[in-house]
Amino acid sequence: MTRHIRHAACFCALLLVALLVNATRIQVVQAGSYDDNPANRRNSIARYGQPRGDILVDGAPVTGSRDTREQLRYERTYADGPLYAPVTGFASQEYGTTFLEHSEDDVLSGTDPMLSGFPLWNDFTRSRPLGGDVVTTLDRAAQRAAYDGLRGRKGAVAAIEPSSGRILALVSTPSYNPAALSGNDATVGRSWARLNGDADKPMLNRAVRQTYPPGSTFKVVTAAAALDAGVVTDLDAPTDSPVPYRLPGTTTSLTNASDGCEDLSVREAFKWSCNTVFAKLGVDVGVDDMAATARAFGFNDRALRIPFSVAQSTFDSSLDRAQLALSSIGQYNTRATPLQMAMVSAAVANNGQLRQPYLVERIIRAGGATVSTAGSLPARQAMYPATAARLKELMTEVVTEGTGTNAAIPGATVGGKTGTAQHGIGNAGTPYAWFVSWAQGERDMEAKVAVAVVVEDAEADRGEISGGGDAAPIARSVMEAVLNPGSKSGG
Amino acid sequence: MTNAGTTVVEADAPAPAVRLPRRRGIELALIVLAVLLSVYGYCDVGLAKNGTVPPGAAGYGAGLGVLALLAHIAVRLRAPYADPLLLPIGVLLNGVGLVLIYRLDLETPGDRAAPTQLVWSTLGIALFIVVVLLLRDHRVLQRYAYVSVAAAMALLILPIFFPSVNGARIWIRVAGFSIQPGEFAKVLLAVFFAAYLAANRNALAYAGRRVWRLQLPTGRVLGPIVAVWLLSVGVLVLERDLGTSLLFFGLFVVLLYVATGRTGWIAVGLLLASLGAVAVGWLEPHVHNRVEDWLHPFASIEAGQGPNQLAQSLFSFAAGGMLGTGLGLGHSILIGFAAKSDFILATAGEELGLAGISAIILLYALLVERGYRAGLALRDPFGRLLAVGLSSIVALQVFVIAGGVTGLIPLTGMAMPFLAQGGSSVVTNWAIVALLIRVSDSARSQYDGEVGP
Chain B
2 MTRHIRHAAC FCALLLVALL VNATRIQVVQ AGSYDDNPAN RRNSIARYGQ
52 PRGDILVDGA PVTGSRDTRE QLRYERTYAD GPLYAPVTGF ASQEYGTTFL
102 EHSEDDVLSG TDPMLSGFPL WNDFTRSRPL GGDVVTTLDR AAQRAAYDGL
152 RGRKGAVAAI EPSSGRILAL VSTPSYNPAA LSGNDATVGR SWARLNGDAD
202 KPMLNRAVRQ TYPPGSTFKV VTAAAALDAG VVTDLDAPTD SPVPYRLPGT
252 TTSLTNASDG CEDLSVREAF KWSCNTVFAK LGVDVGVDDM AATARAFGFN
302 DRALRIPFSV AQSTFDSSLD RAQLALSSIG QYNTRATPLQ MAMVSAAVAN
352 NGQLRQPYLV ERIIRAGGAT VSTAGSLPAR QAMYPATAAR LKELMTEVVT
402 EGTGTNAAIP GATVGGKTGT AQHGIGNAGT PYAWFVSWAQ GERDMEAKVA
452 VAVVVEDAEA DRGEISGGGD AAPIARSVME AVLNPGSKSG G
Chain P
272 MTNAGTTVVE ADAPAPAVRL PRRRGIELAL IVLAVLLSVY GYCDVGLAKN
322 GTVPPGAAGY GAGLGVLALL AHIAVRLRAP YADPLLLPIG VLLNGVGLVL
372 IYRLDLETPG DRAAPTQLVW STLGIALFIV VVLLLRDHRV LQRYAYVSVA
422 AAMALLILPI FFPSVNGARI WIRVAGFSIQ PGEFAKVLLA VFFAAYLAAN
472 RNALAYAGRR VWRLQLPTGR VLGPIVAVWL LSVGVLVLER DLGTSLLFFG
522 LFVVLLYVAT GRTGWIAVGL LLASLGAVAV GWLEPHVHNR VEDWLHPFAS
572 IEAGQGPNQL AQSLFSFAAG GMLGTGLGLG HSILIGFAAK SDFILATAGE
622 ELGLAGISAI ILLYALLVER GYRAGLALRD PFGRLLAVGL SSIVALQVFV
672 IAGGVTGLIP LTGMAMPFLA QGGSSVVTNW AIVALLIRVS DSARSQYDGE
722 VGP
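Going down the list, the sequences are from chains B and P. Residue numbers for the first sequence follow this note's numbering, so the first one is 2 and each next one is one higher. Residue numbers for the second sequence follow this note's numbering, so the first one is 272 and each next one is one higher.
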């Protein structure tokens, strides 16, 4: 019997050893795959177990965290949700993250290894560092001015500091309050369904994720290409452009919104936005030089990150001459985001040098120590400095005498270009009103701000005037907010 | 023996009577350690969850300490030669179980299980003391073999008359307490099997016909025991308590093997068990689901229904890793239903890590080993079989439930001995430890005053 008791004891020992081996299997060998299983709520619990880092504008947070005492403990709050939604995006427990909340998620949620003071310390203590804060380049007053200017209409504003590429304002309307998506209860699901079903697409970030035909504002690019290529040497020489201009190789004729464009000089044609002159100019420059200049301004670049991705603005490089003529006045296949047009304006204002736009100035740890700064991003020469100087002249005249007088600011040099873009089948849609501009205060060494405004549902006739009438005042108030901080539009 | 001036022991003289060390001091020291560890765990939970030592810490420690001390005194009085490890292991496991249940109570404010569990632990230790004090010789139990089996059958059948709870008809409700009579039946059946096999083992092993290479026992001898076993397993299948069926079957096979030494029985037993398992797994949807869950623990996730209990349990263990998150810092409550009972080990796994799980399993292993050691040291077959049976109950039960929640075998509902919430289980386990104490006392005291083993 003793022998059999020993056998039975071995059997029991075997059972318990099997348990130990199996425990090692699931707790050590396969633990990683179990931990990373998306159905495992522990990652979410840890993620929402501490307040999320904040996004700062002008030193003050525009986000916050609310302690719900639920299993997923902290929920995102937004101080001025609709105003900053195109920048912050949302941080939802149910639907993930977008825009800065997405691209800076590692920092905000505290998983970025830069945030822990000592390497491996948090691995050792099994804690995660507090979320870091993201300091944006936004100008609170400019953002507010742009948002107020667009109020009640569909459109977008992008503003850049030309000398650095810092994005000063990024607004899209109609907007939404991202706080409605923060939590995980039933109301969040309803908000999600409502926002996605809304015909006005409030969650669409029109400033960076929507491309529009740029219309006449693209004439800045065409003019730059013509000057750089030497097609135009004298701004005041007549251009030998017929009205109407018959598109090469077709029977279609192009006309102008205003009279008296025939044989006008480039200076006057720019001031009065003559389609015929610039369509012919684009054809004279040729598709290669036009595309090269457009590319230098940032068109056809799918890699731009600010740090979230920006929709690609396009200038088609395989065009016949008729298509090139239309493309040169910002129609046909030419499409641009408002941010792209702000970059065009900024390059002109910055002597032809284009600074890559960016939104994140600094990352700081919860304690306030700076972890990283934006540093200097690459710049490229979009055109010759001489070309930029002449374009500045042209754009200034648009505001002082031409179609853009609504953008004039006393005591500052303002350059601008209006645009009214046809779109829809047979150009039947309400045209988009555009205005791109830059401004330099009289005491400033350099231009302080470059703006692009697009208004989708401008209330005017299909005249060139709508760019100046609807979009220019918005651009002016944004530029004023940057030039005169704290003077007029408080916040 | 001694010449003048010399102390040389003559070589051929009989060995002197040695008084065996009783080791009660060791037991006391280990009990103090066990109580301190439990109180430490209790305080740790409070500190981790609320940042303060829980208000009941002193009372809890004192309560557990007094209970353990009373048990120790009973052992000192009536079982002075008992194995010194058994009682401290019981105290430690019970204490850790209370800590884990208290810890989970903090996540479910509406359902406080720890106080009830403490009451049941008190009852269990009281039963322990009663058994140690009153049962002077384990061989007395041999006389009550048929009373035991009758009582066991009654206990097993009783819950059929009560409403089913969570799909299993194994509970009865008396005065607000849920009792699981099947738990008590385990000990009674072990007593019966041990007594019957001790009396009839020779007949089982050597009488009867030989078919091919298999020695079949006579129906007269085997009949009652198979009948009892079939009845008990049948009742449990009716009550859908498959873990206990498995336990009874394992106990039966182990004891039959130890009693007769016939390997053939094991083979036949395993074959029958496999056939039964396949048949039940095929026919019974409840069991079929369990097998499916075991084979594909993440099927419900892939189906978009979220993780099931087993998947949550695996996540829990994985989250613990090597060293665990620390008491009070895990999220094993995600398991939901039965987190405090069947799945209690997952909490230990997450918060104490592989280190803690290994320690707990080794504690059980030690308990089983001490039981087997007592069985080996005894001379009477009933005592040996009883010790082996009781120890095997613990080992099998730990394997069935721990293997179930860690995905080693299909999950069957059963209480982790001492750790899990469940009054009947705690009381039964204390009875098992009391009987092992009694048996180990007999095993060692028989050598007192003789040549040591």
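Even for Gly, the Cβ is constructed at its ideal location relative to N, Cα and C.
Discussion item. Determine, for Gly-33 of chain B, whether the minimum Cβ-Cβ distance to residues of chain P falls below 9 Å.
Written reply: Along the first sequence, read from residue 1 onward, the residue named residue 33 of chain B stands at position 32. With 9 Å as the cut-off, Gly-33 of chain B counts as an interface residue toward chain P.
Item to complete: Would you please verify whether the beta carbon of Ile-46 of chain B is less than 9 Å from any beta carbon of chain P?
Response: Start at 1 with the first residue of the first sequence, and residue 46 of chain B comes out as number 45. So, interface residue.
Item to complete: For Asp-134 of chain B, write down the residues that DSSP places opposite it in a beta bridge.
Response: Mapped onto the first sequence, residue 134 of chain B falls at position 133. B:Ile-365, per the DSSP bridge assignment.
Practice prompt. State the DSSP-derived secondary structure class of Leu-460 of chain P, mapped to helix, strand or coil.
Written response: In the second sequence, the residue the question calls residue 460 of chain P occupies position 189. Helix, per DSSP.
Discussion item. Taking its Cβ as the centre, do 16 or more other Cβ atoms sit within 10 Å of Met-204 of chain B, making it buried, or is it exposed?
Written reply: Looking up residue 204 of chain B in the first sequence gives position 203. Buried, because 16 or more other Cβ atoms sit within 10 Å of the Cβ of Met-204 of chain B.
Worksheet item: In chain order, which continuous runs of the beta strand (DSSP E) of length 3 or greater are located wholly inside the region 402-489 of chain B?
Response: 413-422, 433-442, 450-456
Practice prompt. Please report the Cβ distance between Val-158 of chain B and Phe-271 of chain B, rounded to the nearest whole angstrom; I am assuming they are in contact, meaning their Cβ atoms lie under 8 Å.
Written response: Start at 1 with the first residue of the first sequence, and residue 158 of chain B comes out as number 157. Start at 1 with the first residue of the first sequence, and residue 271 of chain B comes out as number 270. Actually they do not touch by this definition, with Cβ atoms about 23 Å apart.
Discussion item. Taking 8 Å as the cut-off, does the region 359-369 of chain P touch the region 659-674 of chain P (at least 3 CB pairs, one atom from each stretch)?
Written reply: no
Worksheet item: With 16 as the cutoff for other CB atoms within 10 Å, does Ala-304 of chain B come out buried or exposed?
Response: Position 303 of the first sequence, counted from the start, is the residue given in the question as residue 304 of chain B. Its Cβ having fewer than 16 others within 10 Å, Ala-304 of chain B is exposed.
Worksheet item: What span of residues does the alpha helix (DSSP H) with Gln-144 of chain B cover, start to end?
Response: Position 143 of the first sequence holds residue 144 of chain B. First-last of the alpha helix (DSSP H) with Gln-144 of chain B: 141-151.
Worksheet item: What residues in the region 559-578 of chain P have a beta carbon less than 8 Å from any beta carbon of chain B?
Response: Phe-569, Ile-572, Gly-577, Pro-578
Worksheet entry | Cα-Cα separation, Ser-435 of chain P to Val-445 of chain P | On the second sequence, position 164 is the one that residue 435 of chain P refers to. On the second sequence, position 174 is the one that residue 445 of chain P refers to. Approximately 14 Å, taken between the alpha carbons.
Practice prompt. Whole angstroms is fine: what's the gap from Ile-615 of chain P's alpha carbon to Glu-563 of chain P's?
Written response: Translated into the one-based positions of the second sequence, residue 615 of chain P becomes position 344. Translated into the one-based positions of the second sequence, residue 563 of chain P becomes position 292. Taking the straight line from one Cα to the other gives about 22 Å.
Worksheet item: So, are the CB atoms of Asp-458 of chain B and Gly-156 of chain B less than 9 Å apart?
Response: On the first sequence, position 457 is the one that residue 458 of chain B refers to. On the first sequence, position 155 is the one that residue 156 of chain B refers to. Their beta carbons are under 9 Å apart, which means Asp-458 of chain B touches Gly-156 of chain B by this criterion.
Item to complete: Under 8 Å by Cβ, that's how I've got Gln-462 of chain P and Ala-416 of chain P pegged, so tell me the actual separation to the nearest angstrom.
Response: As a working mapping, residue 462 of chain P is identified with position 191 in the second sequence. As a working mapping, residue 416 of chain P is identified with position 145 in the second sequence. First, the amino acid is wrong: residue 462 of chain P is Val here, not Gln. Contact holds; Cβ gap of about 7 Å.
Worksheet item: Within the 9 Å Cβ cut-off, does His-343 of chain P reach chain B?
Response: Start at 1 with the first residue of the second sequence, and residue 343 of chain P comes out as number 72. No, His-343 of chain P lies away from the interface with chain B (no Cβ there is under 9 Å from its Cβ).
Worksheet item: What do you get for Val-18 of chain B, buried or exposed, if any count of 16 or more other CB atoms within 10 angstroms of its CB means buried?
Response: Indexing the first sequence from 1 puts residue 18 of chain B at position 17. That one is exposed.
Worksheet item: Cα-Cα, which of B:Met-115, B:Ala-409, B:Val-88 is closest to Ala-367 of chain B?
Response: Within the first sequence, residue 367 of chain B is the residue found at index 366, counting from 1. It is B:Met-115.
Discussion item. When you measure from the CB of Val-286 of chain B to every non-hydrogen atom of the ligand GTP, does any distance come out below 8 Å?
Written reply: The model depicted lacks the ligand GTP and carries no ligand whatsoever.
Fill in: Chain-ordered chain B contacts of Phe-588 of chain P [CB-CB under 9 Å]
Locating residue 588 of chain P in the second sequence gives position 317, counting from the first residue. Ala-24, Ile-27, Gln-28, Ala-32, Tyr-35, listed in chain order.
Fill in: Cβ of Val-497 of chain P within 9 Å of any chain B Cβ
Position 226 of the second sequence holds residue 497 of chain P. It does not: the Cβ of Val-497 of chain P has no partner Cβ on chain B nearer than 9 Å.
Worksheet item: Quick one: is Leu-15 of chain B buried, meaning 16 or more other Cβ sit within 10 Å of its Cβ, or exposed?
Response: If you number the first sequence from 1, residue 15 of chain B lands on position 14. With fewer than 16 Cβ atoms within 10 Å of its Cβ, Leu-15 of chain B is classed as exposed.
Worksheet item: In chain order, which continuous runs of the alpha helix (DSSP H) of length 4 or greater are located wholly inside the region 534-592 of chain P?
Response: 534-554, 556-566, 570-573, 580-591
Worksheet item: Which term fits Gly-133 of chain B, buried or exposed, when burial requires 16 or more other beta carbons within 10 angstroms of its beta carbon?
Response: Working through the first sequence from its first residue, we reach residue 133 of chain B at position 132. When all chains shown are included, Gly-133 of chain B counts as buried.
Practice prompt. Check whether the Cβ of Gly-723 of chain P lies closer than 9 Å to any Cβ atom in chain B.
Written response: In the second sequence, counting from the first residue as 1, residue 723 of chain P sits at position 452. No answer about Gly-723 of chain P holds up, because its pLDDT of 48 lies below 50 and its placement is not dependable.
Practice prompt. Specify, as a first and last residue, the run of the alpha helix (DSSP H) that Arg-407 of chain P falls within.
Written response: Translated into the one-based positions of the second sequence, residue 407 of chain P becomes position 136. No alpha helix (DSSP H) holds Arg-407 of chain P; DSSP gives it neither H nor E.
Fill in: Close Cβ partners of Val-455 of chain B (< 6 Å) along its chain, the five nearest in sequence each way excluded
Stepping through the first sequence from its first residue, residue 455 of chain B is reached at position 454. These residues qualify, in order along the chain: Gly-156, Ala-157, Tyr-213, Pro-339, Tyr-433, Trp-435.
Item to complete: Would you list, in sequence order, the uninterrupted alpha helix (DSSP H) runs of no fewer than 4 residues that lie entirely inside the region 177-250 of chain B?
Response: 187-198, 207-210, 220-230
Practice prompt. Determine the DSSP secondary structure at Ile-431 of chain P, reduced to helix, strand or coil.
Written response: Residue numbering aside, residue 431 of chain P sits at position 160 when the second sequence is read from its first letter. Helix at Ile-431 of chain P.
Worksheet entry | Supposed close pair Ala-530 of chain P, Arg-472 of chain P - CB separation, criterion 8 Å | Start at 1 with the first residue of the second sequence, and residue 530 of chain P comes out as number 259. Start at 1 with the first residue of the second sequence, and residue 472 of chain P comes out as number 201. Indeed they touch by this definition, with Cβ atoms about 4 Å apart.
Worksheet item: Mapping DSSP to helix, strand and coil, what is Arg-296 of chain B?
Response: In the first sequence, the residue the question calls residue 296 of chain B occupies position 295. DSSP places Arg-296 of chain B in helix when its eight states are reduced to three.
Practice prompt. Confirm, please, whether the CB-CB distance from Ala-328 of chain P to Gly-336 of chain P is below 9 Å.
Written response: One-based indexing of the second sequence puts residue 336 of chain P at position 65. One-based indexing of the second sequence puts residue 328 of chain P at position 57. Their beta carbons are not under 9 Å apart, which means Gly-336 of chain P does not touch Ala-328 of chain P by this criterion.
Practice prompt. Taking Leu-325 of chain B and Gly-283 of chain B to be in contact with their CB atoms under 8 Å, please state how far apart those CB atoms are, rounded to whole angstroms.
Written response: Numbered from its first residue, the first sequence carries residue 325 of chain B at position 324. Numbered from its first residue, the first sequence carries residue 283 of chain B at position 282. Their Cβ separation, rounded to whole angstroms, is 6 Å, which keeps Leu-325 of chain B and Gly-283 of chain B in contact under 8 Å.
Fill in: Nearest to Leu-566 of chain P (by Cα), restricted to the options P:Trp-391, P:Ala-673, P:Thr-677, P:Asp-719
The residue given as residue 566 of chain P occupies position 295 in the second sequence. Among P:Trp-391, P:Ala-673, P:Thr-677, P:Asp-719, the Cα nearest to that of Leu-566 of chain P belongs to P:Thr-677.
Worksheet entry | Whole-Å CB distance - Leu-73 of chain B paired with Ser-45 of chain B, under 8 Å assumed | Numbered from its first residue, the first sequence carries residue 73 of chain B at position 72. Numbered from its first residue, the first sequence carries residue 45 of chain B at position 44. Right, the Cβ-Cβ distance comes to about 6 Å (below 8 Å), so this counts as a contact.
Worksheet item: So which residues of chain B does Pro-652 of chain P contact, with C-beta pairs closer than 8 Å?
Response: For the purposes of this step, residue 652 of chain P is identified with residue 381 of the second sequence, where counting begins at 1. Ordered by position in chain B, the residues that pass the 8 Å Cβ test against Pro-652 of chain P are Met-2.
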